[in-house]
Structures are given as structure tokens and as C-alpha cells.
Amino acid sequence: MTMSQPRADKKEIFGWAMFDFANQAYTLLIITVVFGDLFTRVIVGDAENAYRLGNLLWSLSLAAGYLLVVLTAPFFGAVMDLTARRKQFLFISYLVTVFATALLYFVAPGYILLGMLLIVISNYAYSIGESFIASFLPDLGPPEDLGKISGFGWALGYVGGLVATGLALLFLGEVSLENFENVRWVGPFAAGFFLLAAIPTFLLLKERGKASHISGISIWQQGWQRLEGSLKHLRGYEDLSIFLLSALFAMSGIYIIIAFTFIYGAQVVQWDEKMRVLTFITVQVTATLGAIFFGWAEDRRGSQFTYQFTLLFWIGAVLLIWQTPNITDAINSLGYQAERQDIFLVVAVAAGLCLGATQSASRAIVGKLTPLPRAAEFFGFWGLSHKLAAIIGLVGVGLMQALVGLQNAILLCAVFFALAFIVCLKVNLSRGQIKAGQYPKD
């Protein structure tokens, strides 16, 4: 990324951010709030085993989709840089996500394999699309503006999630076997929202790259050759490599939070429908405010400071979530009346402030450490780091909850956040930016 990169106009930045607005319908309705809970408690429904089988199959389904991303994202990143067709790849991933998500309507109780297959496909397409859209970030402005632009994208994403999920919860109702005929529409609803809301992205976002393939050699062969070389090239960017390791640990924890928060609320906290809706709304609001505030903080205190601060905040939040039942019992022993869901709401709202901020700061740091000519390729590695993290986190928590229960398994998140913080201490952002800016002279 060079210091002379001009800032894109407001329309293009808005178009880029609208993809975050649109795809939050999938993240929240399918992964976080509705379908994950539906899959574990209704589609699999092993209540007699504390839903441990359902939780394990859910974590493995998500991990399988992320594994496909790990295997393909760096290659697609290299091919996109060579062909200058990032928008085409983004569009294909968008369509696959929409169709596979719509088909979730046909996943009825007992149709476990169909549900797992559609989750693998839709989550793969959605997740690799995240890497594709992120690769446009360095094109949108100079390094000092990337934190603000990235934060705007996350904030708009949470607004989109609030709109999509708020409407869905209003019309679909609670997750239960008795209400299955209504709640099964969550797939088509999420697909339709994503389909329509992402249209501005493809109308306003520009493709700035220039094709650089060599005649006589196929694009795909060149992609593999460049990918092989880029593995060595990435090691030449020490700070970027170290940060990607930190991001791997951080996202291991965050993917557990994303995939299991509402499952945890239903199974451990045992909240009612009103509290589920209230928690969602308040967390979305605080997450939106947090993304805006920390985006502002990134440009004043630095992305690395913001990233590390949110990691420490996460560690404290996870410990409080783990202790929610015990905190409730302690309060009640003093003569007060408290419920688990009330304590959980307070902690979840506080944690929501950092939900988008950690990811936004991570995306901005990678943008600052990335040489512009290899933007799509290196953001492919950023996506790979995140998806590899998802595999580690989700398989880890799935196996751990099968052994010790979901409440104790959540502590794995705190371990991941602590490791991310320690590794990030080794990153020298200024040195890394200088290295990225020198790329054309290499």
C-alpha cells in the first residue's frame, strides 16, 4: 500500500460498505441467532444429551466450510490479481450464498445431513466472499483513512444485521418444534435480504486492477505458480506474517462467540424469547456504536492499540459469561432477585462494543501492511488466517463441550484472546508500513 493512494469517492465507499450491510443477514440469521439454534435443538434435537451431538455437528459443519476457504482463498486471491476480475469472483460467491441459503427451507427435523451440506456450501461461499470484498479495501484510500473506512463498513454491517434480524424475529417467532413451520423461512428470508441489499456494491464498486497474465500459460497455472512464490514472499513481510498469526488466535475466539452465543443463551442461560430478542437488539446497537467509536479511535490512537485493547476487553467478557450462573447465585444469596438471563444481557451488551471493533482493526492493520499490487493475494491470506482460526476454534469448542459441557468449553475463547494479545506485541506497525510502501522498488 503506497502513501499516495487517493481516497475513493463517497459513493464507491458506500457501495463497498453495503456488502457488509447485506451479508450480515447471513451471519446473524443463519450462523448466530436463528438457524444455529434451530439446528442444534430442533433439527438434531438431542435434548437428552444436553444437545452435545447437535452442538458438535453444528461446529463441524461450519468448520468444513471454512476448511474449503483455507484450501482455495489464497489461490483465488492470486488469480484475481492476475486477471483483475475481483468483482466477478465476488458476484459468483454472492449468488451461491443466496441460493444455498434459500434451500435451508427444506431442512426439516431429522434432515441432519441435508442441513449440514447446505451449511457447508452457503458458509463457504459467504466466507470466501468476505475475503473478496476485503481485498478492495486498500483501493479505497490512503493508510491513515483505512481504519475509518473499515469501521464504517462494520458499522453499516451491524445496521444491516439489526434490520434483517429484527424483521425476521418479528415475523418468524421463537425457535421451537411447535413453531417450525414459521421459523423454517429463515433461510429464504436471509437469502432475499442479501440478494437485494448487495446490489449497490456491484453498481458502485470499481475494479482498478489490470490483468497481468502471461500469454501461452493458463491463468490457473499462473495462479498456482504465483501462489507458490507468494508463500515465500509473505515471509519477507515479517510484521504482516506475525500479525496474521495474532489474527488467527483472535478470530478463533470470535468465531466461537459468533457461532455459539445464542446457542449458549438457549442451553446454558435458558433465556426466554423476549430476552433473546432484547439481547440481539441491544448487542447490535452497542456493536454499531463500538464499530464507529473504535474506527475513530483507530485513526487517533492507532489500529494496533485499538486491536490490543479489544482483546483484553474480550478476555474479561468471556470470564464473566462463563461465571454468569455463579454470579446470579451469588447475587441471590445476598437477598436480591436476579436471573441468569439478566446478568448475561449486561455482559453481552458490554462485549458487543468490541465485536466489530476487533475485526475492523484487524482488517485495517492488514490493509496498512499490504503492498497494493498484491492486495487481493495478501487479503486472501488474511481470509485464510481467519478461516483457519474458525476451524481451530469451532472444532476445539465442539470437542470440548462434548467432554465438559458448553459452559466450561466457552473458556477456550479467553485462551485464544490471550494468545492473540501476546503475539501482537511483536508487531511493529511502522516498520511494516514502510516495507509495504517499498514494494514497487523491490
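Terminal number for the sequence shown in UniProt numbering: 442, no gaps in between. Backbone N, C-alpha and C define an ideal beta-carbon position, used for all residues, glycine too.
### Query
Roughly how many whole angstroms lie between the Cα atoms of Met1 and Val69?
With a pLDDT of 42 at Met1, under the threshold of 50, the predicted position of this residue should be treated as unreliable, though the coordinate-derived value follows. Rounded to the nearest angstrom, the two C-alpha atoms are 25 angstroms apart.
### Message
Can you tell me whether Gln337 is buried or exposed? The criterion is at least 16 other CB atoms within 10 Å of its CB, across all chains shown.
### Response
exposed
### Query
Under the three-state reduction of DSSP, which class applies to Tyr51: helix, strand or coil?
coil
### Message
My output table needs one value for Asn179: the three-state DSSP class, helix, strand or coil.
### Response
coil
#### Entry: Cα-Cα separation, Met3 to Ala297
Caution is warranted here: a pLDDT of 47 is assigned to Met3, below 50, making its placement in the model unreliable, and the coordinate value is therefore given only provisionally. Their Cα atoms are separated by approximately 20 angstroms.
#### Entry: Classification of Glu130 by the beta-carbon crowding that lies within 10 angstroms, buried from 16 upward
buried
### Task
Mind listing, in chain order, the continuous alpha helix (DSSP H) runs of no fewer than 4 residues lying wholly within the segment 282–332?
303–322
#### Entry: N-terminal and C-terminal residue of the alpha helix (DSSP H) that residue 456 is part of
Lying before the first or after the last residue shown, residue 456 is absent from the chain, which here runs from 1 to 442.
### Message
Helix, strand or coil for Tyr336? Go by DSSP, reduced to three states.
### Response
coil
### Message
Let me confirm a value: Pro6 is counted as buried when at least 16 other C-beta atoms fall within 10 Å, else exposed. Which label applies?
### Response
exposed
### Task
Specify the secondary structure class of Ser93 as computed by DSSP and reduced to three states.
helix
### Task
State yes or no: is the C-beta of Gly141 within less than 8 angstroms of the C-beta of Ile43?
no
### Task
Within the same chain, show all residues whose beta-carbon is closer than 8 angstroms to that of Leu278, passing over the 5 residues directly before and after it, in chain order.
Leu345
### Message
Using C-beta distances below 7 angstroms, list every residue in its chain close to Arg431, excluding the 5 sequence neighbours before and after it, in chain order.
### Response
Asp239
### Query
Looking only at C-alpha atoms, which of Leu384, Ser241, Val427 and Gly187 sits nearest to Phe305?
Val427
### Task
Counting only the same chain and skipping the five closest in sequence on each side, list residues whose C-beta sits under 7 angstroms from that of Thr165.
Leu28, Leu29, Val33 and Phe280
### Query
Alpha carbon to alpha carbon, what distance is there between Gln359 and Gly383?
11 angstroms
### For Pro371, the nearest candidate out of Pro138, Glu207 and Ala291 (CA to CA)
Pro138
### Query
Taking C-alpha atoms, which residue in Ser176, Ala25, Asp272 and Phe106 lies nearest to Leu167?
Ala25
### Query
Between the Cα of His386 and the Cα atoms of Ile112, Ala73, Gly36 and Gln401, which residue gives the shortest distance?
Ala73
### Task
Please state whether DSSP places Lys441 in a helix, a strand or coil.
For Lys441, the predicted structure reports a pLDDT of 48, less than 50, and the residue's modelled location is therefore unreliable. A value from the coordinates is still provided. In this structure, Lys441 counts as helix in the three-state DSSP scheme.
### Query
Between the segment 412–419 and the segment 315–323, are three or more C-beta pairs nearer than 8 angstroms?
yes
### Message
Taking the alpha-carbon of Leu156 as reference, which of Gln407, Ala291, Gly110 and Ala390 has the nearest alpha-carbon?
### Response
Ala291
### Query
Thr40 lies in the alpha helix (DSSP H); which residues open and close that run?
It is not in any alpha helix (DSSP H) - Thr40 carries neither H nor E in the DSSP assignment.
#### Entry: Euclidean distance between Cα positions of Ala418 and Lys11
39 angstroms
### Message
Distance check for Ile31 and Arg52, CA to CA, integer angstroms please.
### Response
17 angstroms
### Message
When you compare the segment 183–200 with the segment 396–405, are there three or more beta-carbon pairs, one atom per stretch, that lie closer than 8 angstroms?
### Response
no
### Query
How long is the line joining the alpha carbons of Asp37 and Lys232, rounded to whole angstroms?
42 angstroms
### Query
So which of Gln341, Ile331, Leu311 and Leu353 has the shortest CA-CA distance to Gln288?
It should be noted that the sequence gives Thr, not Gln, for residue 288. For Thr288, the nearest C-alpha among the options comes from Leu353.
### Query
How about Leu62 and Ile119: are their beta carbons less than 8 angstroms apart?
yes
### Task
Compare the Cα-Cα distances from Leu104 to each of Val186, Phe19 and Asp81 and report the closest residue.
Val186
### Task
Starting from the Cα of Asn23, find the closest Cα among Asp46, Leu117 and Ala198 and give me that residue.
Ala198
### Task
Can you say whether Gly173 is buried or exposed, counting buried as having 16 or more other CB atoms within 10 angstroms of its CB?
exposed
### Query
Just the Cα atoms here: how many angstroms apart are Ser127 and Ile327?
36 angstroms
### Query
Which term fits Ala125, buried or exposed, when burial requires 16 or more other beta carbons within 10 angstroms of its beta carbon?
buried
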